[in-house]
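Residue numbering for the sequence shown follows UniProt numbering, starting at 1 and increasing by one per position. Presented below is the structure to which this report refers.
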Amino acid sequence: MAERDPKTRAGSSPTPEAHGNREARAVAASSAPEGGASAAAPGLDDFNRVRATLEALLLASTERLDRAMLLKCLPEEDHPLINGALENLKLEYSGAHRGIHLVEVAGGFQLRTNPAFRDSVRQMYAATPRKLSRAALETLAIVAYRQPLTRADIEEIRGVDSSGVLRTLEEHDLVQTVGRLDDIGRPHILGTTPRFLEFFGLSSLEDLPNLSADELQALDELYADEMAGEEEGGSE
1 MAERDPKTRA GSSPTPEAHG NREARAVAAS SAPEGGASAA APGLDDFNRV RATLEALLLA
61 STERLDRAML LKCLPEEDHP LINGALENLK LEYSGAHRGI HLVEVAGGFQ LRTNPAFRDS
121 VRQMYAATPR KLSRAALETL AIVAYRQPLT RADIEEIRGV DSSGVLRTLE EHDLVQTVGR
181 LDDIGRPHIL GTTPRFLEFF GLSSLEDLPN LSADELQALD ELYADEMAGE EEGGSE
């Protein structure tokens with residue numbers, strides 16, 4: 001699964017895919033004149049004003065912006081121009097020579113770094129510690145491909161208690177409760193979140209790479225091998 005930056009939250013660090021930084025956004029916000037889009041962009045025709053407004057919103061946001069938010073941020077008379085302006089921006093940012101692309105993820109829009117320059121961008125964050133352990137990432141893969149499922153289902157696959165790992169994934173807003181099982185104790189049914197899609201650059205769960213039955217079985221056996229290795233290491 002492709003790597004994708006999480007939303008900026010307390011206790012988390014921005015990833016290489018994140019566009020811009022807090023300081024730049026703060027400067028842009030403090031220098032913007034009051035009075036709305038028209039006051040900020042005098043002399044522009046309606047289409048280019050809407051286009052420039054959308055570009056500013058996308059640059060200022062630390063997370064994807066869905067259509068509902070875009071509609072909220074622009075006056076009603078500008079709403080018919082939004083789709084065309086977004087397509088125009090996507091075209092402008094689509095060139096291989098551009099360092100930033102406008103992409104559609106999880107039902108929203110976001111400015112992201114061009115994957116072609118990922119290695120260079122990652123060097124800037126080389127000292128950033130990993131926020132998700134291997135166990136958390138592998139548990140997340142189980143949830144992604146097996147959902148909906150309960151914690152008991154996950155622990156049956158892993159063979160170990162998963163409460164701590166699941167708590168970490170929930171704190172990162174990658175896994176959530178999507179329902180309750182009609183059984184004794186009404187256990188939580190788990191699934192991935194919209195942020196999971198954003199994190200890995202997916203528009204929907206249908207964009208997950210297809211796994212064969214053998215690959216799914218290998219996913220189930222992954223933890224057995226890992227746990228066996230840990231036990232051998234601990235006995236030395």
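For each residue, glycine too, the CB sits at the ideal point set by N, CA and C. Bear in mind that the values here come from a model prediction, so they are computed numbers and not experimental data.
Asked, Found
"Leaving out five residues on either side along the sequence, give the residues of the same chain with a beta carbon under 6 angstroms from the beta carbon of E206.", "none"
"So R195 and L174 are supposed to be a Cβ contact under 8 angstroms. How far apart are they, rounded?", "6 angstroms"
"Helix or strand or just coil, what does DSSP make of V143?", "helix"
"Mind listing, in chain order, the continuous beta strand (DSSP E) runs of no fewer than 3 residues lying wholly within the region 49-111?", "100-105"
"Should F200 be labelled buried (16 or more other beta-carbon atoms within 10 Å of its own) or exposed?", "buried"
"Which residues in the same chain as V50 place their Cβ atom closer than 7 angstroms to its Cβ, once the five residues preceding and following it in sequence are excluded?", "L74, D78, L81, I82, A85"
"Between the alpha carbons of L140 and N48, how many angstroms are there, rounded?", "42 angstroms"
"Taking L54 and L89 to be in contact with their CB atoms under 8 angstroms, please state how far apart those CB atoms are, rounded to whole angstroms.", "6 angstroms"
"Are the beta-carbon atoms of S163 and I154 separated by less than 7 angstroms?", "no"
"Short of 8 angstroms in beta carbon distance, which residues of its chain neighbour L71, apart from the five on each side in sequence? Order them along the chain.", "H79, I82"
"Can you give me the C-alpha to C-alpha distance between R22 and E63, rounded to a whole angstrom?", "For R22, the predicted model reports a pLDDT of 42, less than 50, meaning its position is unreliable; a value from the coordinates is still stated below. Taking the straight line from one Cα to the other gives about 12 angstroms."
"Buried or exposed: A106, going by 16 or more other Cβ atoms within 10 Å of its Cβ?", "buried"
"Taking the alpha helix (DSSP H) that G164 falls in, what are its first and last residues?", "163-171"
"How should A116 be labelled, buried or exposed, when 16 other C-beta atoms within 10 angstroms of its C-beta is the threshold for buried?", "exposed"
"Suppose the cutoff is 7 angstroms on Cβ atoms and the five residues either side in sequence are ignored; what does the same chain contact list for S94 look like?", "H101"
"Once DSSP output is grouped into helix, strand and coil, what is the label at R180?", "strand"
"Verify whether the separation of the beta carbon atoms of L132 and L58 is less than 7 angstroms.", "no"
"If you reduce the DSSP assignment to three classes, tell me which class L208 lands in.", "coil"
"Can you tell which of L166, M124, Q123 has its C-alpha closest to the C-alpha of A144?", "L166"
"Buried or exposed: where does G185 fall if 16 or more other Cβ atoms within 10 Å of its Cβ makes it buried?", "exposed"
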